[in-house]
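With the sequence shown counted from 1, adding 487 to any position gets you our numbering.
Where a beta carbon is used, it is the ideal one built from N, C-alpha and C, also for glycine.
Computed from a prediction, not measured in an experiment: that's the story for all the values here.
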Amino acid sequence: MSKSTRKLSLVKRQKLTGWIFLIPATILIVATSFYPMFRAFLLSFKTGIGANMKWVGFYNYARMIKDTVFIQSLKNTFFYLIIQVPIMLILALILASMLNDRNLKFKGIFRTAIFLPCATSLVSYAIIFRSLFAVDGFVNTVLIKLGILSTGYNFLGHPTSAKIIIIIALIWRWTGYNMVFYLAGLQNIEYSLYEAAKIDGASPFQSFWRITVPLLRPIILLTAIMSTNGTLQLFDESVNLTNGGPANATITMSHYIYNMSFKYVPNFGYAAAMSYIIFLCVAILAFIQMKVGDKRYEG
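Next up, the structure:
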(Lines of atoms letter the chains of each structure in order from A and count residues from 1; the text may use other names and numbers.)
(Lines give C-alpha, C1' and ligand atoms only; values in the text may rest on other atoms or scores of the structure.)
Protein backbone atom coordinates (compact mmCIF):
# COMPACT_ATOMS: atom_id res chain seq x y z
CA MET A 1 0.00 0.00 0.00
CA SER A 2 1.38 3.42 -0.99
CA LYS A 3 1.92 6.28 1.45
CA SER A 4 -0.86 8.37 -0.14
CA THR A 5 -3.33 5.46 0.18
CA ARG A 6 -2.46 4.99 3.86
CA LYS A 7 -2.87 8.73 4.44
CA LEU A 8 -6.28 8.69 2.74
CA SER A 9 -7.38 5.77 4.85
CA LEU A 10 -6.29 7.61 8.00
CA VAL A 11 -8.29 10.69 7.01
CA LYS A 12 -11.36 8.52 6.33
CA ARG A 13 -10.98 6.81 9.70
CA GLN A 14 -10.72 10.19 11.46
CA LYS A 15 -13.85 11.47 9.71
CA LEU A 16 -15.69 8.24 10.53
CA THR A 17 -14.68 8.54 14.19
CA GLY A 18 -15.96 12.11 14.26
CA TRP A 19 -19.31 11.09 12.77
CA ILE A 20 -19.63 8.23 15.28
CA PHE A 21 -19.42 10.77 18.10
CA LEU A 22 -21.70 13.29 16.35
CA ILE A 23 -24.52 10.99 15.20
CA PRO A 24 -25.98 10.17 18.68
CA ALA A 25 -26.05 13.85 19.68
CA THR A 26 -27.48 14.82 16.28
CA ILE A 27 -30.25 12.24 16.55
CA LEU A 28 -31.08 13.44 20.08
CA ILE A 29 -31.23 17.10 19.00
CA VAL A 30 -33.39 16.29 15.98
CA ALA A 31 -35.74 14.12 18.06
CA THR A 32 -36.12 16.55 20.97
CA SER A 33 -35.87 19.92 19.20
CA PHE A 34 -36.29 20.03 15.42
CA TYR A 35 -38.99 17.37 15.10
CA PRO A 36 -41.22 19.00 17.79
CA MET A 37 -40.66 22.36 16.09
CA PHE A 38 -41.78 20.91 12.77
CA ARG A 39 -44.84 19.27 14.39
CA ALA A 40 -45.72 22.55 16.14
CA PHE A 41 -45.49 24.36 12.80
CA LEU A 42 -47.99 21.91 11.26
CA LEU A 43 -50.15 22.17 14.39
CA SER A 44 -50.35 25.96 13.98
CA PHE A 45 -52.47 25.41 10.85
CA LYS A 46 -55.03 23.27 12.70
CA THR A 47 -57.74 23.73 15.29
CA GLY A 48 -59.60 21.42 17.62
CA ILE A 49 -58.48 18.66 19.98
CA GLY A 50 -57.18 15.15 19.31
CA ALA A 51 -58.93 13.25 16.55
CA ASN A 52 -61.27 16.20 15.93
CA MET A 53 -58.48 18.49 14.76
CA LYS A 54 -58.99 19.96 11.31
CA TRP A 55 -56.87 21.96 8.89
CA VAL A 56 -57.77 25.68 8.92
CA GLY A 57 -54.81 27.19 7.06
CA PHE A 58 -53.79 30.66 8.27
CA TYR A 59 -56.90 31.13 10.43
CA ASN A 60 -54.94 30.97 13.70
CA TYR A 61 -52.49 33.61 12.48
CA ALA A 62 -55.31 35.87 11.28
CA ARG A 63 -57.08 35.41 14.61
CA MET A 64 -54.13 36.93 16.49
CA ILE A 65 -54.66 40.28 14.79
CA LYS A 66 -58.12 40.54 16.37
CA ASP A 67 -57.18 38.99 19.73
CA THR A 68 -56.95 41.90 22.18
CA VAL A 69 -55.33 39.77 24.89
CA PHE A 70 -52.61 38.62 22.50
CA ILE A 71 -51.99 42.20 21.37
CA GLN A 72 -51.76 43.23 25.02
CA SER A 73 -49.33 40.40 25.79
CA LEU A 74 -47.22 41.42 22.79
CA LYS A 75 -47.10 45.04 23.97
CA ASN A 76 -46.25 43.98 27.53
CA THR A 77 -43.43 41.69 26.40
CA PHE A 78 -41.82 44.38 24.25
CA PHE A 79 -42.26 46.91 27.05
CA TYR A 80 -40.23 44.65 29.35
CA LEU A 81 -37.69 44.11 26.56
CA ILE A 82 -37.16 47.79 25.74
CA ILE A 83 -36.91 48.95 29.37
CA GLN A 84 -35.32 46.05 31.23
CA VAL A 85 -32.67 44.67 28.86
CA PRO A 86 -30.69 47.93 28.28
CA ILE A 87 -30.75 48.83 31.99
CA MET A 88 -29.68 45.32 33.01
CA LEU A 89 -26.82 45.06 30.50
CA ILE A 90 -25.47 48.55 31.23
CA LEU A 91 -25.62 47.91 34.98
CA ALA A 92 -23.93 44.51 34.55
CA LEU A 93 -21.15 46.08 32.48
CA ILE A 94 -20.56 48.85 35.01
CA LEU A 95 -20.48 46.41 37.92
CA ALA A 96 -18.10 44.09 36.05
CA SER A 97 -15.73 46.99 35.36
CA MET A 98 -15.80 48.06 39.01
CA LEU A 99 -15.24 44.52 40.31
CA ASN A 100 -12.36 43.98 37.89
CA ASP A 101 -10.28 46.61 39.68
CA ARG A 102 -7.11 45.02 41.08
CA ASN A 103 -7.06 47.40 44.03
CA LEU A 104 -10.60 46.58 45.17
CA LYS A 105 -10.74 44.57 48.38
CA PHE A 106 -13.24 41.76 49.07
CA LYS A 107 -13.95 41.36 45.35
CA GLY A 108 -14.99 37.75 45.84
CA ILE A 109 -17.67 38.70 48.35
CA PHE A 110 -19.09 41.43 46.12
CA ARG A 111 -19.10 39.17 43.06
CA THR A 112 -20.84 36.39 44.96
CA ALA A 113 -23.44 38.77 46.42
CA ILE A 114 -24.34 40.18 42.98
CA PHE A 115 -24.44 36.76 41.31
CA LEU A 116 -26.35 35.05 44.13
CA PRO A 117 -29.85 36.17 43.01
CA CYS A 118 -29.30 34.25 39.78
CA ALA A 119 -28.95 31.03 41.80
CA THR A 120 -32.32 31.45 43.51
CA SER A 121 -35.41 29.59 42.36
CA LEU A 122 -37.61 31.45 39.89
CA VAL A 123 -40.72 30.68 41.94
CA SER A 124 -39.06 31.57 45.25
CA TYR A 125 -37.82 34.98 44.19
CA ALA A 126 -41.18 35.83 42.60
CA ILE A 127 -42.94 34.99 45.87
CA ILE A 128 -40.41 37.12 47.80
CA PHE A 129 -41.04 40.13 45.54
CA ARG A 130 -44.79 39.60 45.80
CA SER A 131 -44.49 39.65 49.59
CA LEU A 132 -42.22 42.71 49.59
CA PHE A 133 -44.64 44.78 47.50
CA ALA A 134 -47.88 43.53 49.08
CA VAL A 135 -50.24 46.10 50.61
CA ASP A 136 -49.02 45.09 54.07
CA GLY A 137 -45.52 44.18 52.85
CA PHE A 138 -42.09 45.49 53.78
CA VAL A 139 -41.93 48.26 51.15
CA ASN A 140 -45.28 49.77 52.17
CA THR A 141 -44.35 49.49 55.86
CA VAL A 142 -41.13 51.44 55.29
CA LEU A 143 -42.85 54.09 53.16
CA ILE A 144 -45.55 54.58 55.80
CA LYS A 145 -42.93 54.81 58.57
CA LEU A 146 -41.08 57.49 56.56
CA GLY A 147 -44.31 59.44 56.10
CA ILE A 148 -44.25 59.09 52.30
CA LEU A 149 -47.54 57.16 52.30
CA SER A 150 -50.46 57.33 54.70
CA THR A 151 -51.82 53.89 53.77
CA GLY A 152 -50.43 50.89 51.93
CA TYR A 153 -50.30 51.19 48.14
CA ASN A 154 -51.41 48.23 46.03
CA PHE A 155 -48.32 48.01 43.81
CA LEU A 156 -49.42 44.77 42.15
CA GLY A 157 -52.98 46.02 41.65
CA HIS A 158 -52.11 48.85 39.26
CA PRO A 159 -50.88 48.17 35.70
CA THR A 160 -47.94 50.60 35.63
CA SER A 161 -46.55 49.80 39.08
CA ALA A 162 -47.01 46.05 38.49
CA LYS A 163 -44.96 46.25 35.29
CA ILE A 164 -42.26 48.26 37.05
CA ILE A 165 -42.02 45.63 39.80
CA ILE A 166 -41.58 42.89 37.19
CA ILE A 167 -38.79 44.93 35.58
CA ILE A 168 -37.12 45.48 38.98
CA ALA A 169 -37.36 41.77 39.72
CA LEU A 170 -35.81 40.86 36.36
CA ILE A 171 -32.96 43.32 36.82
CA TRP A 172 -32.31 42.05 40.36
CA ARG A 173 -32.14 38.43 39.25
CA TRP A 174 -30.33 38.56 35.90
CA THR A 175 -27.82 41.41 36.25
CA GLY A 176 -25.32 39.18 38.07
CA TYR A 177 -25.69 36.50 35.41
CA ASN A 178 -24.62 38.90 32.66
CA MET A 179 -21.95 40.43 34.89
CA VAL A 180 -20.16 37.07 35.01
CA PHE A 181 -19.85 37.07 31.20
CA TYR A 182 -18.37 40.56 31.24
CA LEU A 183 -15.98 39.68 34.05
CA ALA A 184 -14.76 36.69 32.07
CA GLY A 185 -14.14 38.96 29.08
CA LEU A 186 -12.37 41.57 31.18
CA GLN A 187 -9.94 38.92 32.44
CA ASN A 188 -8.65 38.60 28.86
CA ILE A 189 -7.97 42.33 28.49
CA GLU A 190 -4.38 43.27 29.31
CA TYR A 191 -4.34 45.45 32.41
CA SER A 192 -1.42 47.37 30.92
CA LEU A 193 -3.88 49.01 28.51
CA TYR A 194 -5.65 50.68 31.42
CA GLU A 195 -2.35 51.65 33.03
CA ALA A 196 -1.15 53.21 29.75
CA ALA A 197 -4.43 55.09 29.38
CA LYS A 198 -4.11 56.36 32.94
CA ILE A 199 -0.56 57.60 32.25
CA ASP A 200 -1.84 59.40 29.13
CA GLY A 201 -4.36 61.23 31.32
CA ALA A 202 -7.50 59.29 30.43
CA SER A 203 -10.32 59.48 32.95
CA PRO A 204 -11.98 56.28 34.26
CA PHE A 205 -14.97 56.96 31.99
CA GLN A 206 -12.72 57.41 28.94
CA SER A 207 -10.91 54.14 29.72
CA PHE A 208 -14.27 52.42 30.10
CA TRP A 209 -15.66 53.85 26.85
CA ARG A 210 -12.50 53.60 24.72
CA ILE A 211 -11.05 50.31 25.99
CA THR A 212 -13.60 48.20 27.86
CA VAL A 213 -16.63 48.63 25.60
CA PRO A 214 -14.87 48.06 22.22
CA LEU A 215 -12.93 45.01 23.45
CA LEU A 216 -16.06 43.49 25.04
CA ARG A 217 -18.16 44.07 21.94
CA PRO A 218 -18.56 40.35 21.05
CA ILE A 219 -19.62 39.49 24.62
CA ILE A 220 -21.99 42.48 24.76
CA LEU A 221 -23.56 41.20 21.54
CA LEU A 222 -23.87 37.70 23.01
CA THR A 223 -25.54 38.89 26.22
CA ALA A 224 -27.86 41.20 24.27
CA ILE A 225 -29.07 38.32 22.09
CA MET A 226 -29.48 35.98 25.07
CA SER A 227 -31.31 38.60 27.13
CA THR A 228 -33.59 39.47 24.23
CA ASN A 229 -34.36 35.79 23.68
CA GLY A 230 -35.08 35.24 27.37
CA THR A 231 -37.30 38.32 27.72
CA LEU A 232 -39.39 37.42 24.68
CA GLN A 233 -40.04 34.05 26.35
CA LEU A 234 -40.74 35.59 29.77
CA PHE A 235 -43.08 33.36 31.74
CA ASP A 236 -42.30 32.79 35.43
CA GLU A 237 -42.52 36.41 36.58
CA SER A 238 -45.86 36.97 34.86
CA VAL A 239 -47.31 33.77 36.32
CA ASN A 240 -45.89 33.80 39.84
CA LEU A 241 -45.57 37.53 40.57
CA THR A 242 -48.73 39.08 39.12
CA ASN A 243 -50.58 36.15 37.50
CA GLY A 244 -50.86 38.35 34.42
CA GLY A 245 -52.99 40.90 36.24
CA PRO A 246 -54.53 43.22 36.86
CA ALA A 247 -56.86 42.47 33.93
CA ASN A 248 -54.05 41.04 31.73
CA ALA A 249 -52.07 44.27 32.15
CA THR A 250 -48.81 42.38 32.79
CA ILE A 251 -49.40 39.12 30.90
CA THR A 252 -46.63 37.99 28.55
CA MET A 253 -46.85 36.02 25.30
CA SER A 254 -45.55 32.81 26.88
CA HIS A 255 -48.02 33.18 29.74
CA TYR A 256 -50.89 33.59 27.28
CA ILE A 257 -49.71 30.57 25.30
CA TYR A 258 -49.74 28.56 28.53
CA ASN A 259 -53.28 29.74 29.32
CA MET A 260 -54.50 28.81 25.84
CA SER A 261 -52.94 25.35 26.15
CA PHE A 262 -53.67 24.31 29.73
CA LYS A 263 -55.79 26.84 31.64
CA TYR A 264 -58.66 27.57 29.26
CA VAL A 265 -60.32 25.14 26.86
CA PRO A 266 -57.23 23.71 25.12
CA ASN A 267 -56.47 25.23 21.74
CA PHE A 268 -53.06 23.82 20.85
CA GLY A 269 -53.22 25.01 17.25
CA TYR A 270 -53.67 28.63 18.25
CA ALA A 271 -50.99 28.30 20.96
CA ALA A 272 -48.57 26.82 18.40
CA ALA A 273 -49.23 29.74 16.05
CA MET A 274 -48.46 32.22 18.82
CA SER A 275 -45.27 30.34 19.69
CA TYR A 276 -44.08 30.79 16.11
CA ILE A 277 -44.69 34.52 16.39
CA ILE A 278 -42.25 34.49 19.34
CA PHE A 279 -39.84 32.45 17.22
CA LEU A 280 -40.01 35.01 14.42
CA CYS A 281 -39.50 37.90 16.86
CA VAL A 282 -36.43 36.20 18.33
CA ALA A 283 -35.00 35.45 14.87
CA ILE A 284 -35.60 38.97 13.51
CA LEU A 285 -34.20 40.75 16.57
CA ALA A 286 -31.17 38.44 16.71
CA PHE A 287 -30.48 39.16 13.03
CA ILE A 288 -30.77 42.92 13.62
CA GLN A 289 -28.45 42.74 16.63
CA MET A 290 -25.92 40.69 14.66
CA LYS A 291 -26.13 43.15 11.78
CA VAL A 292 -25.60 46.15 14.05
CA GLY A 293 -23.17 44.70 16.58
CA ASP A 294 -20.95 42.27 14.67
CA LYS A 295 -18.17 43.88 12.62
CA ARG A 296 -18.10 40.89 10.28
CA TYR A 297 -21.46 42.05 8.93
CA GLU A 298 -20.26 45.57 8.15
CA GLY A 299 -19.52 46.72 4.64
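- In this structure the segment 635-651 lies against the segment 722-741, because at least three pairs of beta carbons, one per stretch, are closer than 8 Å.
- F695 is positioned such that its CB atom lies closer than 7 Å to that of S584.
- Burial state of G672 is buried, judged by a 10 Å Cβ sphere holding 16 or more other Cβ atoms.
- The segment 740-768 contains, as complete alpha helix (DSSP H) runs of 4+ residues, the segments 740-745 (chain order).
- In this structure, DSSP gives T534 an extended state, which the three-state scheme calls strand.
- By the Cβ neighbour-count rule, W506 is exposed, with fewer than 16 other Cβ atoms within 10 Å of its own.
- By the neighbour-count definition (other C-beta atoms within 10 Å, threshold 16), V629 is an exposed residue.
- Sequence-distant Cβ neighbours of L721 in its own chain, meaning closer than 7 Å and more than five residues away, are T564, Y567, T739 and S741.
- Under the three-state reduction of DSSP, K594 is assigned to helix.
- The beta carbon of S748 lies closer than 7 Å to those of F755 and A758 in the same chain, with the five residues before and after it left out.
- Distance check between K533 and each of P604, N547, L670 and M524 places N547 closest, using alpha-carbon atoms only.
- Of the candidates F545, L530 and G544, the residue whose Cα lies closest to the Cα of A538 is L530.
- Secondary structure note for S637: it is in no alpha helix (DSSP H), with a DSSP letter that is neither H nor E.
- Only residues of its own chain outside the window of five on either side were considered, and among them none has a CB closer than 6 Å to the CB of I577.
- Across the set D687, E677 and T718, the C-alpha of E677 shows the shortest separation from the C-alpha of T699.
- By the Cβ criterion, the segment 677-693 is not in contact with the segment 711-719, since fewer than three pairs of Cβ atoms, one from each stretch, lie closer than 8 Å.
- Cβ-Cβ distances below 8 Å link P753 to I536 and M747 in the same chain, with the five nearest sequence neighbours on each side left out; the list follows chain order.
- Using a Cβ distance threshold of 7 Å, I652 and I570 do not count as a contacting pair.
- From the listed residues G731, I707, T662 and G732, the smallest Cα separation to A773 is found for I707.
- Residue pairing by DSSP places K553 opposite no residue, since no beta bridge is assigned to it.
- Going by C-alpha positions, I765 is about 21 Å away from G732.
- According to the DSSP secondary-structure assignment, W542 is paired through a beta bridge with K533.
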